[in-house]
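Keeping their order, the protein sequence lines are chains A and B.
Using our numbering, you'd call the opening residue of the first sequence number 24 and step up by one each time.
Using our numbering, you'd call the opening residue of the second sequence number 621 and step up by one each time.
Note that CB positions come from ideal geometry on N, CA and C, so glycine has one too.
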Amino acid sequence: MKYNWNWGILFQTSADGQQTWMMTLVHGLGWTLLAAVCAGVIALVVGSIVGVIRTTPLKWAVRLGNAYVELFRNIPLLVQLFLWYFVLPEVLPKAFGDALKQMPPPWGSFVPAVIGLGLFTSARVAEQVRAGIQALPRGQSMAGTALGLTLPQTYRYVVLPMAYRIILPPLTSETMNLIKNTSVALTIGLIELTAAARSMQEFTFQVFEAFTAATVIYIVVNLTVVTLMRKFEKSIAVPGFIGPAAVGGGH
Amino acid sequence: MFAGFDFNVIERSFVYLFKEGMTFTLTLTAMSAVGGIVFGTLLAMMRLSSFKVLAVVATGYVNLMRSIPLLLVIFWFYFLVPYIGAWITGSSQPIRVGAFASSVITFVMFEAAYYSEIMRAGIQSIPRGQVSAGYALGLNYWQTMGTVVLPQAFRNMTPILLTQTIILFQDTSLVYVLSITDFLGAASKVAQRDGRLVEMYIFVAIVYFIISFGLSLLVKRLQQKIAIVR
Numbered sequence: 024m025k026y027n028w029n030w031g032i033l034f035q036t037s038a039d040g041q042q043t044w045m046m047t048l049v050h051g052l053g054w055t056l057l058a059a060v061c062a063g064v065i066a067l068v069v070g071s072i073v074g075v076i077r078t079t080p081l082k083w084a085v086r087l088g089n090a091y092v093e094l095f096r097n098i099p100l101l102v103q104l105f106l107w108y109f110v111l112p113e114v115l116p117k118a119f120g121d122a123l124k125q126m127p128p129p130w131g132s133f134v135p136a137v138i139g140l141g142l143f144t145s146a147r148v149a150e151q152v153r154a155g156i157q158a159l160p161r162g163q164s165m166a167g168t169a170l171g172l173t174l175p176q177t178y179r180y181v182v183l184p185m186a187y188r189i190i191l192p193p194l195t196s197e198t199m200n201l202i203k204n205t206s207v208a209l210t211i212g213l214i215e216l217t218a219a220a221r222s223m224q225e226f227t228f229q230v231f232e233a234f235t236a237a238t239v240i241y242i243v244v245n246l247t248v249v250t251l252m253r254k255f256e257k258s259i260a261v262p263g264f265i266g267p268a269a270v271g272g273g274h
Numbered sequence: 621m622f623a624g625f626d627f628n629v630i631e632r633s634f635v636y637l638f639k640e641g642m643t644f645t646l647t648l649t650a651m652s653a654v655g656g657i658v659f660g661t662l663l664a665m666m667r668l669s670s671f672k673v674l675a676v677v678a679t680g681y682v683n684l685m686r687s688i689p690l691l692l693v694i695f696w697f698y699f700l701v702p703y704i705g706a707w708i709t710g711s712s713q714p715i716r717v718g719a720f721a722s723s724v725i726t727f728v729m730f731e732a733a734y735y736s737e738i739m740r741a742g743i744q745s746i747p748r749g750q751v752s753a754g755y756a757l758g759l760n761y762w763q764t765m766g767t768v769v770l771p772q773a774f775r776n777m778t779p780i781l782l783t784q785t786i787i788l789f790q791d792t793s794l795v796y797v798l799s800i801t802d803f804l805g806a807a808s809k810v811a812q813r814d815g816r817l818v819e820m821y822i823f824v825a826i827v828y829f830i831i832s833f834g835l836s837l838l839v840k841r842l843q844q845k846i847a848i849v850r
């Protein structure tokens with residue numbers, strides 16, 4: 024058994040004839056991070072709203088929130104991306120659908136990928152937000168009511184500032200999951216890091232150099248995000264409150 | 621809204637979808653879950669071992685697997701397994717490995733990292749005193765683990781292990797990238813042949829939802845049933 028190692032391949036000109044393979048991977052990383060950031064914003068906003076709704080005293084709203092979370096949690100991410108990419112343009116009114124289909128690459132796959140990843144992750148954020156709010160002693164929101172705060176004020180000034188601090192550690196692991204999950208967008212044509220490594224492998228046949236390089240980049244990103252988030256967690260931590268330990272689950 | 625659609629395509633391909641596709645998906649899920657839990661438990665025992673080298677190796681493996689995307693792992697093993705096979709059998713050419721064997725190996729290796737985190741929590745939830753009691757009775761390490769610690773750890777962690785298995789069930793759809801005929805792969809082949817992407821993918825989403833949601837309800841009921849009152 025023999026495999027011809029050739030690490031120099033990383034610095035040779037890539038298939039597009041302009042840049043090196045290393046830069047191809049770096050570009051891929053750029054798309055991975057851009058998609059993760061955009062989807063992360065959607066996930067945080069939508070997830071927070073749904074998560075808060077699930078803790079309100081409104082029964083029907085709680086049920087709606089639960090349904091939302093179950094819907095996005097029980098369909099594989101890949102299938103969800105297919106729905107946004109292949110199905111959405113067909114079921115929308117024709118003008119909208121055509122506009123979606125005619126978006127120039129890479130936006131044509133970037134936009135559905137961001138929406139899909141964002142909403143998929145929002146269900147998981149919603150679950151964390153709900154858990155964070157319910158981890159607080161009930162007395163806190165009661166105290167808010169006793170002080171004459173309205174329900175929105177109680178959430179704004181009492182509950183949420185604590186809840187977000189509590190759920191920061193699980194949100195860190197959701198961030199990592201999101202970065203890793205962007206790789207699924209390669210199935211709808213987004214050339215992110217994994218897809219870049221895959222195209223390098225297909226053109227050069229240097230399978231293990233391509234995948235090793237991608238793996239190392241993922242690990243570096245991972246370590247960077249964890250280090251930054253740990254610092255952030257420390258700087259805003261409230262003594263006496265530790266986030267719920269994230270036991271297993273998800274990726 | 622669905623005027624121009626032909627949902628008949630589902631009826632026509634129903635047998636193919638479930639007999640070929642879903643059978644593959646379920647077999648892959650079951651084998652990967654069993655393999656992953658066994659290997660994951662071993663990894664967890666290694667991580668908690670007092671033998672430092674084992675602990676470092678297991679920790680490194682788990683952290684590596686948890687920091688790269690499943691898709692990259694699928695590609696890795698798809699190309700790596702033939703070389704490892706050649707190395708083991710001593711052949712000079714990379715050996716041929718079928719798509720099914722390759723995906724089972726991938727998912728066992730990948731999911732083991734996640735199962736091991738769950739089992740580690742499970743083992744750590746058993747008070748140290750029980751291990752000491754086992755040793756005091758003259759049991760060796762494997763007897764203590766096998767008859768005292770692991771049965772309780774499994775019992776405590778069964779709901780989380782099952783939840784992880786539902787996630788695994790959804791993750792197996794990613795073998796689509798290797799053009800394997802799993803449930804999604806089968807649906808996608810029919811969809812492209814008949815030009816019926818919309819109908820097919822909606823149907824696939826509904827089927828995955830029903831199965832995953834149904835199983836998660838069962839897990840919830842099981843959780844209430846086996847919860848130990850402390």
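Short CB-CB distance (under 8 Å) between residue i and chain B
i: Asn89 (chain A); result: no
i: Thr217 (chain A); result: yes
i: Trp28 (chain A); result: no
i: Ala237 (chain A); result: yes
i: Pro99 (chain A); result: yes
i: Val134 (chain A); result: no
i: Thr195 (chain A); result: no
i: Val207 (chain A); result: yes
i: Val68 (chain A); result: no
i: Glu93 (chain A); result: yes
i: Phe119 (chain A); result: no
i: Ile210 (chain A); result: Note on identity: in this sequence residue 210 (chain A) is Thr, with Ile being the wrong assignment. Yes, contact with chain B.
i: Phe234 (chain A); result: yes
Reference residue i; option with closest CA among the options
i: Met729 (chain B); options: B:Arg686, B:Arg816, B:Val827 and B:Phe829; result: B:Arg686
i: Met223 (chain A); options: A:Gly31, A:Met126 and A:Thr47; result: A:Thr47
i: Glu93 (chain A); options: B:Val795, B:Ile694, B:Ile786 and B:Met820; result: B:Ile786
i: Met252 (chain A); options: A:Thr43, A:Ala136 and A:Thr198; result: A:Thr198
i: Phe720 (chain B); options: B:Ile694, B:Tyr636 and B:Glu819; result: B:Ile694
i: Trp54 (chain A); options: A:Thr79, A:Thr250, A:Val207 and A:Trp30; result: A:Val207
i: Asn683 (chain B); options: A:Ala219, A:Ser196, A:Met165 and A:Ala233; result: A:Ser196
i: Leu101 (chain A); options: B:Gly834, B:Val797, B:Tyr698 and B:Leu842; result: B:Val797
i: Phe234 (chain A); options: A:Ala219, A:Val248 and A:Asn245; result: A:Ala219
i: Trp639 (chain B); options: B:Tyr821, B:Arg813, B:Gly805 and B:Val751; result: Here the sequence assigns Lys to residue 639 (chain B), which means Trp is not the residue at that position. Closest option to Lys639 (chain B), Cα to Cα, is B:Gly805.
i: Pro184 (chain A); options: A:Leu56, A:Ala260 and A:Ile32; result: A:Ala260
i: Gly680 (chain B); options: B:Ser808, B:Gly655 and B:Glu737; result: B:Glu737
i: Ile211 (chain A); options: A:Phe231, A:Lys254, A:Trp107 and A:Lys117; result: A:Trp107
i: Ser752 (chain B); options: B:Gly742, B:Arg740, B:Ala741 and B:Val769; result: B:Val769
i: Gly141 (chain A); options: A:Leu104, A:Ala186 and A:Val230; result: A:Leu104
i: Ile715 (chain B); options: B:Phe727, B:Asp791, B:Ser808 and B:Pro702; result: B:Pro702
i: Gln176 (chain A); options: A:Thr217, A:Val75, A:Thr227 and A:Asn29; result: A:Val75
i: Val182 (chain A); options: A:Arg153, A:Lys203 and A:Pro192; result: A:Arg153
i: Ala650 (chain B); options: B:Trp762, B:Lys672 and B:Leu788; result: B:Leu788
As assigned by DSSP and simplified to three states, the class of residue i
i: Thr801 (chain B); result: coil
i: Thr36 (chain A); result: strand
i: Thr235 (chain A); result: helix
i: Gly266 (chain A); result: Note that Gly266 (chain A) scores a pLDDT of 46, beneath 50, so its modelled location is shaky and nothing firm can be said.
i: Thr43 (chain A); result: strand
i: Phe228 (chain A); result: coil
i: Gln125 (chain A); result: coil
i: Ala664 (chain B); result: helix
i: Gln151 (chain A); result: helix
i: Tyr26 (chain A); result: coil
i: Gln157 (chain A); result: helix
i: Gly162 (chain A); result: helix
i: Leu759 (chain B); result: coil
Neighbour flag for residue i against chain A, beta carbons, 8 Å
i: Leu597 (chain B); result: Because residue 597 (chain B) is not part of the residues shown, which for chain B are 621 to 850, the question remains open.
i: Gln790 (chain B); result: yes
i: Tyr681 (chain B); result: no
i: Val796 (chain B); result: The residue you asked about is not Val; residue 796 (chain B) is Tyr in the sequence shown. Yes, contact with chain A.
i: Leu804 (chain B); result: yes
i: Ser799 (chain B); result: no
i: Ser670 (chain B); result: no
i: Ser722 (chain B); result: no
i: Ser752 (chain B); result: no
Name, going along the chain, the residues of the segment 632-656 of chain B whose beta-carbon falls closer than 9 Å to a beta-carbon of chain A.
-> none
Return the residues of the segment 811-835 of chain B that lie within a Cβ-Cβ distance of less than 7 Å from chain A, sorted by chain order.
-> Leu817, Val818, Tyr821, Ile822, Val824, Ala825, Tyr828, Phe829, Ser832 and Phe833
Name, going along the chain, the residues of the segment 219-231 of chain A whose beta-carbon falls closer than 8 Å to a beta-carbon of chain B.
-> Ala220, Arg221, Gln224, Val230 and Phe231
When Cβ atoms are compared, which residues of the segment 686-711 of chain B fall closer than 7 Å to chain A?
-> Ser687, Ile688, Pro689, Leu690, Leu691, Leu692, Phe695, Trp696, Phe699, Tyr703, Ala706, Trp707 and Ser711
Cβ-based contacts, 7 Å cut-off: residues of the segment 177-203 of chain A near chain B | Lys203
Between the segment 240-262 of chain A and chain B, which residues of the former have CB atoms less than 7 Å from a CB of the latter, in chain order?
-> Tyr241, Ile242 and Asn245
In chain order, what residues of the segment 100-114 of chain A put their CB closer than 7 Å to some CB of chain B?
-> Leu101, Val102, Phe105, Leu106, Phe109, Val110, Glu113 and Val114
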